[in-house]
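Residue 1 is where the sequence shown starts when you use the working numbering, and the numbers rise one by one after that.
C-beta: ideal position from N, C-alpha, C; glycine also.
To start, the structure under review is shown below, and the notes come after it.
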Amino acid sequence: MTRIAVLASGGGSNLQALLDAIDALGTSAPARVVLVASDRAGAGALDRARRRGIATAVLADPADGAALDALLAGHGVELVVLAGYLKLVPRQVVERFDGAIVNIHPALLPAFGGPGMYGQRVHAAVLASGARESGATVHLVSEEYDRGAILAQQRVAVEPGDTVATLSARVLAAEHELYPLTILQLAARLSARAQ
Ligand code: GAR
């Protein structure tokens, strides 16, 4: 049973999709979420966790690698999931969770990624480029934004007349399918390795 921490800055719909997928698997789930942490005290993701009785934390200084590392160690975390987390994860944590820290990005990386490319800005850039498709990318986290190895992608069409709102809703629906599946596959691999 792989112990997951989710780091989130926003509403936490990807966190919710993961929790729902774990619930749906019942006792055969290869993982559970033991901690949800945020750089923002008002993040909706924290409320979602509290409602489920999951431990929560607000990071006083998201750049403090030692503090985050200690927090994760204190909860016995084995897999770190970034779900709409907008801060760079400190080197110390990226190194300790080598191969066990993942992110989801709302476009088909390596296009439309990098510093400053998050949330609605990504969809605005996709629309401005005239691209005919977009999608969601799950990747391992490295010390550079959106540059780690790609684990999975799901494509969606960019439709004529799309706005940031319509495209982001279509991509988010793809994220909610792709992310739990990819996380639980990785969790199953990690727990097999630990046995
Ligand atoms: C998601 O679309 C996620 O891909 C994006 O933020 C949103 C969070 O939504 N992440 C990034 O842009 C990271 N570069 P959520 O809080 O409802 O899961």
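Distance cutoff 7 Å, beta carbons only. Does residue i sit that close to anything in chain B?
i: E95; result: Within the model displayed, chain B is absent; a lone protein chain is all it includes.
Less than 7 Å between C-beta atoms, sequence neighbours within five positions excluded: which residues of the same chain meet that for residue i?
i: A131; result: V158
i: A174; result: G135, A136, Q154 and V156
i: A41; result: V58
i: A55; result: V34, L35 and H75
i: Q92; result: G65, A66 and D69
State buried or exposed for residue i, treating a residue as buried only when at least 16 other CB atoms are found within 10 Å of its CB.
i: A187; result: buried
i: R38; result: The question names Arg, yet the displayed sequence has Ser at residue 38. So S38 counts as buried.
i: S134; result: buried
i: S28; result: exposed
i: P106; result: buried
i: D146; result: buried
i: R52; result: exposed
i: A70; result: exposed
On the DSSP bridge list, what partners appear for residue i?
i: Q154; result: A136
i: V81; result: V6 and V102
i: R32; result: R3
i: S38; result: V58
Which residues in the same chain have their Cβ closer than 8 Å to the Cβ of residue i, if we skip the five residues on either side of it in sequence?
i: T182; result: V102, V138, L151 and A152
i: V164; result: Q120, H123, A124 and L127
i: L190; result: T2, E78, L79 and A100
i: A67; result: L59, A60 and D61
i: V171; result: P106, A107, H123, S134, G135, A136 and V156
i: R50; result: T56
Going by DSSP, what residue range makes up the alpha helix (DSSP H) through residue i?
i: R50; result: G44 to R51
i: A70; result: G65 to G74
i: V58; result: No alpha helix (DSSP H) contains V58, which is instead part of the beta strand (DSSP E) from A55 to V58.
i: S168; result: V164 to A194
i: S129; result: Q120 to S129
i: R147; result: No alpha helix (DSSP H) holds R147; DSSP gives it neither H nor E.
i: V141; result: Unbroken run through V141: none, as it is neither H nor E.
i: E95; result: R91 to R96
i: A17; result: S13 to L25
Excluding sequence positions up to five away, which residues of its chain have a Cβ less than 6 Å from the Cβ of residue i?
i: M117; result: none
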